[in-house]
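Novice: Attaching a single structure in structure tokens format; questions to follow.
2 protein chains.
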Amino acid sequence: MSEITFIAGGATAAQGFSATGEHMGIRRNRTRRDVALIVSEVPANAACVYTQNLVKGAPILVTQKHVENGIAQAVICNSGNANTCNANGIEIAEGMCSLVEQYIGVKAEDVIVASTGVIGQPMTLEPFQKNFGKLADSLEDTPAGGTRAAEAIMTTDTVSKEVAVRFPLGGKTCKLGGIAKGSGMIAPNMATMLCFLTTDAAISPVALKRALTTVTADTFNMLSVDGDTSTNDMVSIMANGMAGNTPIEACMGTDYEAFVAALYKVCEKLCAIMAKDGEGATKLLVCEVTGAKSTATAKLVAKAVIKSTLLKAAIFGADANWGRVLCAIGYAGADVDVSKVDVNFRSNRGLIPVCRGGAGVAFSEETAKEILMDDEITVQVALNSGSATAKAWGCDLTYDYVKINGDYRT
Amino acid sequence: MSEITFIAGGATAAQGFSATGEHMGIRRNRTRRDVALIVSEVPANAACVYTQNLVKGAPILVTQKHVENGIAQAVICNSGNANTCNANGIEIAEGMCSLVEQYIGVKAEDVIVASTGVIGQPMTLEPFQKNFGKLADSLEDTPAGGTRAAEAIMTTDTVSKEVAVRFPLGGKTCKLGGIAKGSGMIAPNMATMLCFLTTDAAISPVALKRALTTVTADTFNMLSVDGDTSTNDMVSIMANGMAGNTPIEACMGTDYEAFVAALYKVCEKLCAIMAKDGEGATKLLVCEVTGAKSTATAKLVAKAVIKSTLLKAAIFGADANWGRVLCAIGYAGADVDVSKVDVNFRSNRGLIPVCRGGAGVAFSEETAKEILMDDEITVQVALNSGSATAKAWGCDLTYDYVKINGDYRT
């Protein structure tokens, strides 16, 4: 784990990947990029996980078909319109892939397509057709290209999100990075918001899919901004093998574990960045659960705590209302002995115990307030009933969340 | 059903019930009543449903014991402190019941005790002991007494909540009424926030329990303000038989059905009042689901829609963002064919279709806005896959919700 190093960049950090993002006219705002493109020099092994929402965006259905064979070479994604609940949705999504083939030379069936924005808004291919040349021309294998792609997939995000790492694998140095977007309708279930990962590691489609599923379960699926699971969630990864390591074929062994550790590192970091940039959020809210009977129990508890609307509002107000933590644990549907529960609040400014054995302990409200004024708050929950642990990421609930979502569309 | 008539009053509407509420010093705010008392002239058959939260307030545990034999004669309830996660909680709750015995003559074991307010705050019996005489002296079988009780159980509620009906039963006229409180940490599960019902109908404890459970499942359990299931939820009902009807013994037949219908009417009305007075709410949000394959499916869908944070914020902003309705249906975990779903928005100002067969239909944004400016909004969801229906009650998400919960405690 200690050999994994964060490096600059995101989608273009790994060898052989180019990217860009331009304004093509999907959004009315002319200064905002709204289409992202990521391309691998060579066909890559690929894996995706998708939203479990029964209502699925058309791009999800097209991507599922394209990635079925475990191969992809490009990602095309627009923001400003989710291409969901539209009668011509499939046609549009396939049209976007065909344009990639026409301008870049990557086969349409090897393109991962995604859309994010308002659901149920009419959409046409026209802006793509008119401006694809500009997009193709600006494609480059530089950090700047990756950043443009990261910017182009933003909706209500206030910052673009890129993370990358370098790690050794079978004697070679591999890189793995990605870009992601939040920031509302975020409560991933088996999949997540949009995240496009790239790596130059050589790894088989089967091992890649297993690694992505495993890591997603512990990272993006443990993230919630508002409890609403989107219709367009997707995480994709392309592994083009250009690092030259001996290909990972099995879902076990040193190399596979090293790859999973690097993937976890990138996804965990993206999770924290996304949660902190949740719609209207001023604070990152993390819940660390220890001492659970099972991982399932630990996850239920961690997720219930960071999803509690009441706790989220209290954290916004820097109010050490630990009763709301206990309450959330109680309705989490988890196997918990509440009389054994300990709770601490922690931030960069210190740690304060507020509950021991399910009952309150005397604490200084002043100290608690000071600790909770920080912009990264961790709620530590010790269940004292086993050894399983879990971590979940969320954010506070603020006036701005209401403002953003009271008139997002109009 | 048509013979059920709404009448004035609440807890004291039925024959033989007295009530009151006074400020006793649990709350710092001296102008607010904080203890409610309801007493039946004679021992009554009684039933309760409770929160399913694993963390349970001490009063819940004491009441469960007291009502086990199906008999109760009084309710004592304080606001300002939930008496939950306190080491001496049981002692306090039992002490409250003993004071009722001492001052009113009702046996402590026949007292239903409840508390609502902040979780995990230290609490003593002292204010009760010092002021119980004042409470006992003000007890009266008038509408004013009932209203004082309704006021005394309020926390962040902005209005007190009382409902009563008159209905014929076996040739006699019965009355059934009650008081309730919301207005945050409201997402009842098998039980609900606090609601104390009284009736002069004669009905066995078994039939009473069945009726209460049945009606609660379709009313209070279909209510959500913020998705947080409280630790202190309880609905109680006392039936003192003073109307003189032939006692209802069985959980079937004309009389039982008539009783359930009256109970439903009162609970449904209280639900709507509670939802509309949800913390910070400016609008009542109702979801009516029709055409479901099963009642379970209809309920999952109705509840997911009124709980969606994103839809709640859109309703606050009078934004006809129907894609958020579809999204919530999709993640409800229900057996739904999304390609068959129709959605309308309805209010006293009109009705507007926004989605047919899972896809958007053209509509006037202006008309939609006008309809959504009303303070009672209904989302009609037709699943077109069966004949089961359900209804759920919620409210919009506003700046004030954040304000109230950002510093509720301090």
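Residue numbers (the working numbering), protein chains in the order written: chain C, 1 to 410; chain F, 1001 to 1410. Note that beta-carbon positions come from the ideal geometry of N, C-alpha and C, so glycine has one too. These numbers were taken from a predicted model, which means no experiment stands behind them.
Write down every uninterrupted run of the beta strand (DSSP E) in the stretch 114-202 of chain C whose length is 3 residues or greater and which is fully enclosed by it, in chain order.
Specialist: You should have 161-169, 172-180, 194-199.
Novice: Considering only heavy atoms of the ligand GDP, does any lie closer than 6 Å to the CB of F/G1386?
Specialist: This structure simply doesn't include the ligand GDP, nor any ligand for that matter.
Novice: Have a look at F/Q1052, F/L1300, F/D1141, F/V1305 and flag the residue whose alpha-carbon is nearest the alpha-carbon of F/L1285.
Specialist: By one-based count along the second sequence, residue 1285 of chain F stands at place 285. The shortest Cα separation from F/L1285 among F/Q1052, F/L1300, F/D1141, F/V1305 belongs to F/V1305.
Novice: What residue from C/E268, C/S40, C/Y103, C/A72 has the CA that sits closest to C/D137's CA?
Specialist: On the first sequence, residue 137 of chain C is found 137 positions in, with the first residue counted as 1. Per the Cα distances, C/Y103.
Novice: Give a yes or no on whether 7 Å exceeds the smallest Cβ distance from F/G1025 to chain C.
Specialist: Here residue 1025 of chain F corresponds to residue number 25 of the second sequence, with the count starting at 1. No, because no Cβ of chain C sits closer than 7 Å to the Cβ of F/G1025.
Novice: If you follow the beta strand (DSSP E) that F/D1034 is in, where does it begin and where does it stop?
Specialist: Counting from 1 along the second sequence, the entry for residue 1034 of chain F is found at position 34. From DSSP, F/D1034 is part of no beta strand (DSSP E); its letter is neither H nor E.
Novice: Please name the residue or residues paired with F/E1360 in a DSSP beta bridge.
Specialist: Along the second sequence, one-based indexing puts residue 1360 of chain F at 360. The question names Glu, but residue 1360 of chain F is Gly in the sequence shown. Looking at the DSSP assignment, F/G1360 forms a beta bridge with F/C1355.
Novice: For F/G1323 versus F/L1383, is the C-beta distance shorter than 7 Å?
Specialist: Here residue 1323 of chain F is taken as the residue at index 323 of the second sequence, counted from 1. Here residue 1383 of chain F is taken as the residue at index 383 of the second sequence, counted from 1. For F/G1323 and F/L1383, no; Cβs fall outside 7 Å.
Novice: Spell out the partners DSSP gives F/M1238 in its beta bridges.
Specialist: Position 238 of the second sequence, counted from the first residue, corresponds to residue 1238 of chain F. According to DSSP, which records beta bridges pairwise, F/M1238 is partnered with F/A1046, F/T1198.
Novice: For the stretch 302-313 of chain C, list every residue whose C-beta sits within 9 Å of some C-beta in chain F, in sequence order.
Specialist: Here the close residues are K307, S308, T309, L310, L311, K312, A313.
Novice: Excluding sequence positions up to five away, which residues of its chain have a Cβ less than 7 Å from the Cβ of F/G1182?
Specialist: For the purposes of this step, residue 1182 of chain F is taken as the residue at position 182 of the second sequence. The answer, listed in chain order, is D1157, M1193, V1225, M1274, D1277, G1278.
Novice: Of the choices F/T1198, F/D1228, F/L1263, F/I1203, whose alpha-carbon is the least far from that of F/C1251?
Specialist: For the purposes of this step, residue 1251 of chain F is taken as residue 251 along the second sequence, with counting starting at 1. Checking every option, the nearest Cα to that of F/C1251 belongs to F/I1203.
Novice: So which residues on chain F does C/N53 lean against when the C-beta distance must stay under 8 Å?
Specialist: Position 53 of the first sequence, counting from 1, holds the residue named residue 53 of chain C. Chain F residues near C/N53: C1327, G1330, Y1331.
Novice: Please return the same chain residues whose Cβ sits closer than 7 Å to the Cβ of C/M190, not counting the five positions on each side in sequence.
Specialist: Position 190 of the first sequence holds residue 190 of chain C. The predicted position of C/M190 is uncertain, since its pLDDT is 46 and thus under 50; no value can be drawn from it.
Novice: In whole angstroms, what separates the C-alpha of C/G338 from that of C/A320?
Specialist: Working through the first sequence from its first residue, we reach residue 338 of chain C at position 338. Working through the first sequence from its first residue, we reach residue 320 of chain C at position 320. The question names Gly, yet the displayed sequence has Val at residue 338 of chain C. Near 19 Å, if we compare the C-alpha coordinates of C/A320 and C/V338.
Novice: Note down the Cα distance separating C/F345 from C/C271, rounded to an integer number of angstroms.
Specialist: In the first sequence, residue 345 of chain C corresponds to position 345, counting from 1. In the first sequence, residue 271 of chain C corresponds to position 271, counting from 1. Using only the alpha carbons, I get a separation of about 20 Å.
Novice: Anything in chain C within Cβ reach of F/V1402, meaning under 7 Å, just list it in chain order.
Specialist: On the second sequence, residue 1402 of chain F is found 402 positions in, with the first residue counted as 1. Simply A313, F316, L397, T398, Y399, V402.
Novice: Just reading off the alpha helix (DSSP H) that F/N1078 is part of, what are its end residues?
Specialist: As a position in the second sequence, residue 1078 of chain F is number 78, starting the count at 1. From DSSP, F/N1078 is part of no alpha helix (DSSP H) but of the beta strand (DSSP E) over 1071-1079.
Novice: Contact defined as beta carbons within less than 8 Å: I believe C/C327 pairs with F/V1055. What is the distance between those atoms, to the nearest angstrom?
Specialist: The count along the first sequence starts at 1 and reaches residue 327 of chain C at position 327. The count along the second sequence starts at 1 and reaches residue 1055 of chain F at position 55. Correct: roughly 6 Å between the Cβ atoms.
Novice: For the stretch 1079-1091 of chain F, list every residue whose C-beta sits within 8 Å of some C-beta in chain C, in sequence order.
Specialist: Within the stretch 1079-1091 of chain F, the residues whose Cβ lies closer than 8 Å to some Cβ of chain C are A1082, T1084, C1085, N1086, A1087, listed in chain order.
Novice: Within 7 Å (strictly less), CB to CB, does C/I119 reach chain F?
Specialist: Here residue 119 of chain C refers to the residue found at position 119 when the first sequence is read from its first residue. So, interface residue.
Novice: Residues in the stretch 213-245 of chain C with C-beta within 8 Å of chain F's C-beta atoms, listed in sequence order?
Specialist: Of all residues in the stretch 213-245 of chain C, D226, G227, D228, T229, S230, T231 have a Cβ within less than 8 Å of some Cβ in chain F.
Novice: Counting C-beta neighbours from all protein chains within 10 Å, is the total for F/F1132 16 or more, i.e. buried, or is it exposed?
Specialist: By 1-based counting over the second sequence, the position of residue 1132 of chain F is 132. Answer is buried; the Cβ neighbour count reaches 16.
Novice: Comparing C-alpha positions only, which one of F/L1037, F/R1028, F/E1094 sits nearest to F/I1060?
Specialist: Against the second sequence, residue 1060 of chain F aligns to sequence position 60. If we check each option's Cα against that of F/I1060, F/E1094 comes out closest.
Novice: Among residues of its own chain, excluding the 5 on either side of C/K172, which ones have a beta-carbon nearer than 6 Å to its beta-carbon?
Specialist: As a first step, residue 172 of chain C is located in the first sequence; it is residue number 172 there, counting from the start. Counting only Cβ-Cβ distances below 6 Å, and skipping sequence neighbours, we find A243, G244, N245.
Novice: Quick one: Cα of F/T1116 to Cα of F/M1234, how far?
Specialist: Residue mapping note: residue 1116 of chain F aligns to position 116 of the second sequence, counting from 1. Residue mapping note: residue 1234 of chain F aligns to position 234 of the second sequence, counting from 1. Their Cα atoms are separated by approximately 10 Å.
Novice: Alpha carbons only, please: which of C/M185, C/T216, C/G184 is nearest the one belonging to C/F196?
Specialist: Counted from its first residue, the first sequence places residue 196 of chain C at position 196. It is C/T216.
Novice: At a Cβ cut of 7 Å, what residues of the stretch 1157-1185 of chain F count as close to chain C, listed as they run along the chain?
Specialist: Under the 7 Å Cβ criterion, the stretch 1157-1185 of chain F contributes G1184, M1185.
Novice: Under DSSP, the beta strand (DSSP E) around F/I1060 begins and ends at which residues?
Specialist: To locate residue 1060 of chain F, count along the second sequence from 1; it is residue 60. Unbroken run through F/I1060 is the alpha helix (DSSP H), 1058-1067; no beta strand (DSSP E).
Novice: Please compile the residues from chain C whose C-beta is within a distance smaller than 7 Å of the C-beta of F/N1405.
Specialist: Taking the first residue of the second sequence as 1, we reach residue 1405 of chain F at position 405. Going along chain C in sequence order, the residues near F/N1405 (Cβ under 7 Å) are L310, A313, A314.
Novice: May I ask you to report which of helix, strand or coil DSSP gives F/K1107?
Specialist: Residue 1107 of chain F sits at position 107 when you count from the first residue of the second sequence. Coil.
Novice: When the Cα atoms are used, what is the spatial distance from F/I1090 to F/V1067?
Specialist: On the second sequence, residue 1090 of chain F is found 90 positions in, with the first residue counted as 1. On the second sequence, residue 1067 of chain F is found 67 positions in, with the first residue counted as 1. Taking the straight line from one Cα to the other gives about 16 Å.
Novice: Alpha carbon to alpha carbon, how far is C/A46 from C/P143?
Specialist: By one-based count along the first sequence, residue 46 of chain C stands at place 46. By one-based count along the first sequence, residue 143 of chain C stands at place 143. Approximately 22 Å, taken between the alpha carbons.
Novice: Apply the 10 Å Cβ neighbour rule to F/N982 and answer buried if 16 or more other Cβ atoms are within range, or exposed otherwise.
Specialist: The structure shown does not extend to residue 982 of chain F, since chain F spans only 1001 to 1410, so no value can be given for it.
Novice: With distances taken from CA atoms, which of F/D1335, F/K1312, F/F1316 is nearest F/V1325?
Specialist: As a first step, residue 1325 of chain F is located in the second sequence; it is residue number 325 there, counting from the start. Considering only alpha carbons, the answer is F/K1312.
Novice: Distance check for F/A1368 and F/V1379, CA to CA, integer angstroms please.
Specialist: Looking up residue 1379 of chain F in the second sequence gives position 379. Looking up residue 1368 of chain F in the second sequence gives position 368. Using only the alpha carbons, I get a separation of about 12 Å.
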